[in-house]
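First comes the structure, then the notes that go with it.
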Amino acid sequence: MNQKTIPAKPDRAAAPTRPAAITPLPQPAETPPEMWAYWPQSPTLPQPPSIRRRLTYLTLGWAIALLLALIVALFTAGVLFYRSNVIVPGVYVAGVSIGGHSMPDAAALLRAQSQERGIVLEADSSQQALIPEALGISLDTAATVSLAHRQGRSLESLRRLIDNRGQIELEPVWKFDPLPARQTLQALAPQFELKPVDADIRLVDGQVEAAPAVMGQSLDIEATMANLSQDPLHVLAEGRLPLILKTVTADLTDVSRPVDEANEFLDHTITVQAYDPIDEETISLKIEPDVWNPWISVWLNETDPTEFEWSLDADQAQKSLTQQIETIGPEQYLKPDETVEAVTTAITNQSWSAADLRVFHHDQPHTVQFGETLSSIGFDYGIPYPWIEQANPGVNNSLSPGQEIIIPSPDALLPLPVVKDKRIVVSLSEQKLWAYEQGQLKWEWPVSTGISSSPTAPGVFQVQSHETNAYAASWNLWMPDFIGIYRPVPTADFMNGFHGFPSRNGATLLWTNDLGHPVTYGCILVDSKHSGNLFEWAEAGVVVEIEK
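Using numbering that gives the first Met the number 0, read the sequence shown as starting at 0 and increasing by one per residue.
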């Protein structure tokens, strides 16, 4: 029987014996031991397929694990970034980079940047810069930052970010509130307001002319707001807002009526008539418009601008009139105050005539001639000589030829306002009296004047007093219907005048048959049948002229 031969196991004792000790080869100090250094080299043999497969699977497993870990990490990071408040890098708003900033930081950055912008308000030639917020245009930082934050967090925005090479330029979101804009314009309105000026009148070179009205202007807030509200972003982009101004018309534009009336008013010539009671003449002066117009100021009536008002500069009128009234004569003059008042009244009443003035006379110098006395000089000038003595203190009747003395003005003997339409004339030479009224003869009577030792003084005098029965103590005479006309002595308290037949002791009438020749002590004797009429007719102020 055949049997398979199975080789016997080698005898362990017969196996080669391993050396008791192997001396290792010398190695570098830091060189790690290598496998081949410890084992005998054997020829390289191909690995079994199972080992190679296991190595491949292991490598692939590690790669997949790493890839999954990376994906998980990236996904986790993406989720965390998506949920964070950080803006994707590369995002710009109006040129300002806010990428990589948190939303609060980006908001602060944009807010600060918006404060640097300005809008210029333009009106005519004036300009004024304001921040946009003053006009109600403000950056909506919340909306702008929210828009920026959404970038890169959606497929579309992510695609845009990639397409633009990692950059996205966004426009800021603005909001407009008309209330602050209106408040700002209302506050600025006074700067652009020009009040209109009503037409007026003015006096130029004696002619009234119209000062034309001046139109005003004001800020048209409604029109400006309409332009701003229509497109506030355009205003912001342009950086300017034209202010619309509207014309304000003056209330009064036509003053032709008061101009015409004022010129008619100023075109009058004023006639000044002054009566000279000494010479019994009326002096007439013409004050032309070019003389008195400069005294006048004209203006429109405040309550009724179709009418004009005027005023007169009294000082200027007095200066001008003083020069003019000095030309009426070397010895005559008009009182400036009275003249100005009369002329002003004539202008005010538009009567254009001043007829109640009186001519006055200056004192006169006199050179004493040989043989003259104060009495003779007074007789020649019609001034009682005691009045000349008063005007020349220290001068007595011993005059020297060539001596200069002053003859006082005859106006001193007419202290009262003059009654112009009545006049009494007495002739010393004819011993007659004539009474005139309105230039017409009223009475003509014989009279008696003073005797040579107590003469009646010639001159121009005035009725000054009335006494029904005056007493002359020096001569013990009672004089009925006494009319005092002058004081022989300026400081005396008695007067000479007209009277009827006097009586002594209240019983005896004197000089009843002496009319027609001098018989009195200086007074003028009138028949008693006429003296009462004269007493009633000749009021105070009537001029009495006593001729030589």
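Using N, Cα and C, we set each Cβ at its ideal position, and we do this for glycine too.
* Grouping DSSP H, G and I as helix and E and B as strand, with all else coil, what is G531? -> Walking along the sequence shown from the start, residue 531 turns up at place 532. Correct three-state label for G531: helix.
request  = Pair every Cβ in the stretch 524 to 542 with every Cβ in the stretch 409 to 423, then say whether three or more of these pairs are closer than 8 angstroms.
outcome  = yes
- Going by DSSP, name the residue or residues bridged to M478. Within the sequence shown, the letter at position 479 stands for residue 478. According to DSSP, M478 bridges with A469.
- [ ] Go ahead and pull the three-state DSSP assignment for L24.
- [x] Taking the first residue of the sequence shown as position 1, residue 24 is located at position 25. Residue placement at L24 is poorly supported in this model, since its pLDDT is 47, which falls under 50; the coordinates are not used for a value here.
Practice problem: Tell me the start and end of each unbroken beta strand (DSSP E) in the stretch 417 to 460 that is at least 3 residues and wholly inside, in chain order. | Solution: 418 to 426, 431 to 436 and 439 to 447
**Q.** Contacting residues, own chain, Cβ-Cβ under 6 angstroms from P241 (five flanking each side not counted)
**A.** Along the sequence shown, read from residue 1 onward, the residue named residue 241 stands at position 242. Excluding sequence neighbours, P241 sits near E121.
Quick one: residues in its chain with C-beta nearer than 8 angstroms to the C-beta of E403, no 5 flanking neighbours on either side, listed in chain order? Along the sequence shown, one-based indexing puts residue 403 at 404. For E403, where only same-chain residues beyond five positions count, the Cβ hits under 8 angstroms are P364, H365, T366 and V367.
Q. Is any heavy atom in the ligand SAM found nearer than 7 angstroms to the beta carbon of S399?
A. Only the bare structure without any ligand can be found here, which leaves the ligand SAM out of the picture.
Task: Uninterrupted alpha helix (DSSP H) stretches inside the stretch 165 to 238 (no shorter than 4 residues) - done: 177 to 187, 220 to 229 and 231 to 237
Self-check item: the stretch 323 to 330 contacting the stretch 292 to 312, beta-carbon criterion three pairs below 8 angstroms
Solution: no
- Those residues which DSSP pairs with R152 across a bridge: Your numbering for residue 152 matches position 153 in the sequence shown. The partner list for R152 (beta bridge, DSSP) is empty, contrary to what the question assumes.
For P400, I'd like the list of residues in its chain whose CB is within less than 7 angstroms of its CB, leaving aside the five on either flank, ordered along the chain. In the sequence shown, residue 400 corresponds to position 401, counting from 1. Same-chain partners within the cutoff: V367, Q368 and F369.
Less than 8 angstroms between the beta carbons of L440 and F497, yes or no?
Counting from one through the sequence shown, the residue named residue 440 turns up at place 441. Counting from one through the sequence shown, the residue named residue 497 turns up at place 498. Cβ distance not < 8 angstroms, so L440 and F497 don't count as in contact.
Report the partner residues of F359 according to the DSSP bridge assignment.
Reading the sequence shown from its first residue, position 360 is the one you call residue 359. BP columns for F359 point to Y332.
- request: Compute the Euclidean distance between the alpha carbons of A141 and S156, then round it to the nearest angstrom.
  value: In the sequence shown, the residue the question calls residue 141 occupies position 142. In the sequence shown, the residue the question calls residue 156 occupies position 157. In a straight line, the C-alpha of A141 is about 19 angstroms away from that of S156.
Ordered along the chain, which non-local residues of its own chain (more than five positions away) have a Cβ less than 8 angstroms from that of P335?
One-based indexing of the sequence shown puts residue 335 at position 336. Within the same chain, P335 has close Cβ partners Q317, L320, T321 and I324.
**Item:** Residue of S397, S527, E535 and P517 minimising C-alpha distance to H465
**Value:** Taking the sequence shown and counting its residues from 1, the one referred to as residue 465 is at position 466. The option with the nearest alpha carbon to H465 is E535.
Exercise. Any idea if L333 is buried or exposed, counting beta-carbon neighbours within 10 angstroms, 16 or more meaning buried?
Worked result: The residue given as residue 333 occupies position 334 in the sequence shown. When all chains shown are included, L333 counts as buried.
Exercise. Quickly, what does DSSP pair V271 with across the bridge? List them, please.
Key: Sequence index remark: in the sequence shown, residue 271 carries index 272 (1-based). According to DSSP, which records beta bridges pairwise, V271 is partnered with L284 and A353.
| query | Count the other CB atoms within 10 Å of the CB of Q430; is the residue buried (16 or more) or exposed (fewer)? | reply | As a first step, residue 430 is located in the sequence shown; it is residue number 431 there, counting from the start. By the 10 Å Cβ count, Q430 comes out buried.
By alpha-carbon positions, which one of V172, N395, R239 and P445 ends up nearest to H516? For the purposes of this step, residue 516 is taken as residue 517 along the sequence shown, with counting starting at 1. Of V172, N395, R239 and P445, the residue nearest in Cα terms is P445.
Rounded straight-line distance, which links the Cα of S408 to that of V425:
Your numbering for residue 425 matches position 426 in the sequence shown. Your numbering for residue 408 matches position 409 in the sequence shown. Going by the C-alpha atoms only, they are around 21 angstroms apart.
Express the C-alpha separation of K285 and I200 in angstroms, rounding to a whole number. As a position in the sequence shown, residue 200 is number 201, starting the count at 1. As a position in the sequence shown, residue 285 is number 286, starting the count at 1. When rounded, the distance between both Cα atoms is 27 angstroms.
V271 to A341 span [Cα, whole Å]: Translated into the one-based positions of the sequence shown, residue 271 becomes position 272. Translated into the one-based positions of the sequence shown, residue 341 becomes position 342. Taking the straight line joining both Cα atoms gives about 8 angstroms.
- Can you name, in chain order, every residue of its own chain whose Cβ lies under 8 angstroms from the Cβ of N504, other than the five neighbours on each side? The count along the sequence shown starts at 1 and reaches residue 504 at position 505. Closer than 8 angstroms at Cβ, skipping near neighbours: N475.
Going by the beta-carbon positions, is the gap between G458 and I382 smaller than 8 angstroms?
-> For the purposes of this step, residue 458 is identified with residue 459 of the sequence shown, where counting begins at 1. For the purposes of this step, residue 382 is identified with residue 383 of the sequence shown, where counting begins at 1. Yes, Cβ-Cβ distance for G458 and I382 is below 8 angstroms.
Give me the DSSP bridge partner(s) of W298. Taking the first residue of the sequence shown as position 1, residue 298 is located at position 299. DSSP output for W298 lists E308 as bridge partner(s).
Hey, quick one: how far does the beta strand (DSSP E) through Y91 stretch, first residue to last?
Taking the first residue of the sequence shown as position 1, residue 91 is located at position 92. Counting along the chain, the beta strand (DSSP E) containing Y91 begins and ends at V90 to V92.
Taking its Cβ as the centre, do 16 or more other Cβ atoms sit within 10 Å of D480, making it buried, or is it exposed? Residue numbering aside, residue 480 sits at position 481 when the sequence shown is read from its first letter. Answer is buried; the Cβ neighbour count reaches 16.
Query raised in the report: Under the rule that 16 or more other beta-carbon atoms within 10 Å means buried, what is I563, buried or exposed?
Result: Absent from the structure is residue 563, since the part of the chain shown begins at 0 and ends at 547.
Q.
I'd like to know if the stretch 223 to 230 and the stretch 189 to 198 are in contact, where contact means that at least 3 CB-CB pairs between them fall below 8 angstroms.
A. no
Option nearest P298 by Cα separation, candidates N396, V525, V254 and D275:
Counting from one through the sequence shown, the residue named residue 298 turns up at place 299. At residue 298 the sequence reads Trp, which differs from the Pro that was named. Per the Cα distances, V254.
Opposite S101 in the DSSP bridges: which residues? Residue mapping note: residue 101 aligns to position 102 of the sequence shown, counting from 1. Bridge partners of S101: V85.
- Three-state secondary structure (DSSP) at P293? Along the sequence shown, one-based indexing puts residue 293 at 294. In the structure shown, P293 sits in a helix (DSSP, three-state: H, G or I).
- Which term fits A186, buried or exposed, when burial requires 16 or more other beta carbons within 10 angstroms of its beta carbon? Counting from 1 along the sequence shown, the entry for residue 186 is found at position 187. Classification for A186: exposed.
| field | alpha helix (DSSP H) segment containing Q315, residue limits | value | On the sequence shown, position 316 is the one that residue 315 refers to. That run of the alpha helix (DSSP H) goes A313 to I324.
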